[in-house]
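For the sequence shown, counting from 1, position 105 maps to 110 in the numbering used here; every step adds exactly one.
Ideal placement from N, C-alpha and C gives every residue a C-beta, glycine not left out.
Just so it is clear, the structure is predicted and the values come from calculations on it, not from any experiment.
What follows is one structure encoded as structure tokens, with my remarks underneath.
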Amino acid sequence: MPDRPYSCIAVDWGTSNRRAWALGPAGEILQQRADDKGLLAHADRGFAQSLERFLADWLAAAPNIPIVMAGMVGSRMGWIEVPYLSAPLQLTDLAQHLALAGNIAGSACWIVPGLSIDDPVQPEVMRGEECQMLGALLNNAAHSNLFVLPGTHSKWAWVVDGRLTSFRTYITGELFDLLCRSGTLAQLMTGTDENDAAFARGIAASADAELLNRIFSVRTFGLFGKMPATALRSYLSGLLVGTEMRDALAAWPEAAQADATCIGSAAMIARYQGAAAQLGLRLHGIDNERILPAALYWVVRNARI
6 MPDRPYSCIA VDWGTSNRRA WALGPAGEIL QQRADDKGLL AHADRGFAQS
56 LERFLADWLA AAPNIPIVMA GMVGSRMGWI EVPYLSAPLQ LTDLAQHLAL
106 AGNIAGSACW IVPGLSIDDP VQPEVMRGEE CQMLGALLNN AAHSNLFVLP
156 GTHSKWAWVV DGRLTSFRTY ITGELFDLLC RSGTLAQLMT GTDENDAAFA
206 RGIAASADAE LLNRIFSVRT FGLFGKMPAT ALRSYLSGLL VGTEMRDALA
256 AWPEAAQADA TCIGSAAMIA RYQGAAAQLG LRLHGIDNER ILPAALYWVV
306 RNARI
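Next up, the structure:
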């Protein structure tokens, strides 16, 4: 165990997975860990007991250490439902609105609220991405006012002078996962290796047809041997990512002139950068593990708790 004490524990708790970092006096990462105990693994709603087991040795080494959490842990299906803050919002204001979820082993557990837009046509919500964008701003890593955050529910957001003004959500990752795991398309796909040519073909195909019609080509290309079964997964990914990007660019034409900041895993950033290059958009990638712990550390240091 490190000699110096932890200053706080930061937790990213999502639908499928969770990550935690033990942070030092200056916010440096002293230890980190991850598991697959996301919200879906807690049908019994035993969030406090699960987190205490997950962090047991850290809590023993640093009693009464504050724990700050971001992500779906604050959703209706999470530990407690933390009300959304309304956008537009200055992202640094997140620190003033932490919600107390409970206490484990003498440590208070706080949740950062998500953001919402109550639009009459389509309301929007996010949980977790707001902290990633805050981390990019605190790290001076943002390349423009436009952020792209790919994932289960991809987000495209505008942040002007540190203020999140608007955002759009795409169910790209969830739809891809569902189509790959069940149904008639999944029966034809084999392998999980990336096929860059098939992905690019999917991006191109997203331009000239309605998505529900074009997705069916995954099945017919497989049935008629027009594409190897090992390439169909990447082709489908290209169709979905291409549709997402084209819609965002149509909704926000000014995005095509922005050097957007893409926050995500290395693999997801590479995929989105490939699609963006094909569509004439420039994406600068930031690994979310590089900025999220620092953002949560900053929130704790500036919170009224």
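Between residue i and residue j, what straight-line distance do the alpha-carbon atoms span, to the nearest angstrom?
i    : j    : result
L2   : H148 : Shown here, the chain extends from 6 to 310; a query on residue 2 therefore has no answer.
R287 : T266 : 9 Å
L45  : A141 : 28 Å
W115 : P71  : 8 Å
I122 : M131 : 9 Å
R309 : A27  : 21 Å
G290 : A162 : 15 Å
L94  : E134 : 14 Å
R9   : G29  : In this prediction, R9 scores a pLDDT of 48, lower than 50, which makes its location untrustworthy; the coordinate-derived value is nonetheless stated afterwards. Whole-angstrom Cα-Cα distance: 7 Å.
S211 : R219 : 7 Å
A271 : Y277 : 10 Å
N145 : L169 : 16 Å
R23  : D49  : 17 Å
L35  : V305 : 17 Å
F181 : P125 : 28 Å
G43  : N200 : 29 Å
N69  : D17  : 20 Å
A214 : D198 : 26 Å
A61  : H47  : 18 Å
Q37  : T225 : 45 Å
Within a Cβ cutoff of 7 Å, which residues of the same chain sit near residue i, ignoring the five residues on either side of it in sequence?
i    : result
M6   : Confidence in M6 is poor, its pLDDT being 39 and thus under 50, which makes the residue's placement too unreliable to answer from.
A253 : W161, R173 and A260
Y89  : P118, G119, L120, S121 and V130
G227 : L193, A234 and L237
V223 : L190, L237, Y240 and L241
Are residue i and residue j closer than 7 Å when you measure CB to CB?
i    : j    : result
S112 : L64  : yes
R295 : Y240 : no
L237 : L193 : yes
A280 : I208 : yes
N307 : G269 : no
A234 : T189 : no
G19  : L96  : no
A15  : L245 : no
S171 : F204 : no
T248 : L216 : yes
M138 : V165 : no
L284 : M232 : no
C13  : A75  : no
G32  : A255 : no
L154 : I109 : no
L143 : W257 : no
Could you check if residue i belongs to the surroundings of the ligand MG, using beta carbon to heavy atom distance under 6 Å?
i    : result
R206 : What this structure holds is no ligand at all, so the ligand MG is not there to describe.
Should residue i be labelled buried (16 or more other beta-carbon atoms within 10 Å of its own) or exposed?
i    : result
V322 : Outside the modelled stretch of the chain, which goes from 6 to 310, sits residue 322, for which no answer is possible.
E259 : exposed
S91  : exposed
M273 : buried
F229 : exposed
R81  : exposed
S159 : buried
F59  : buried
A202 : exposed
Go through its chain and collect everything with a Cβ distance to residue i's Cβ below 6 Å, but skip five positions before and after it.
i    : result
W84  : F52, V78 and A106
T157 : G178 and E179
A263 : S149 and L151
V87  : G79, A104, I116 and P118
Please list, in chain order, all residues of the same chain as residue i whose beta carbon is under 8 Å from its beta carbon, the five residues on each side excluded.
i    : result
C185 : A191, M194, R238 and L241
D5   : The structure shown does not extend to residue 5, since the chain spans only 6 to 310, so no value can be given for it.
Y11  : A27, L28, G29, L35, W63, A66, A67 and I70
(request) Return the chain-ordered ranges of every alpha helix (DSSP H) run that is complete within the region 181-250 and spans a minimum of 4 residues. (result) 201-210 and 216-228
(request) Counting only runs of 4+ residues fully inside the region 43-96, write out the alpha helix (DSSP H) ranges in chain order. (result) 52-59 and 61-66
(request) Quick one: which unbroken beta strand (DSSP E) runs of 3-plus residues sit fully inside the region 87-147? Chain order, please. (result) 104-109, 112-116, 120-122 and 129-131
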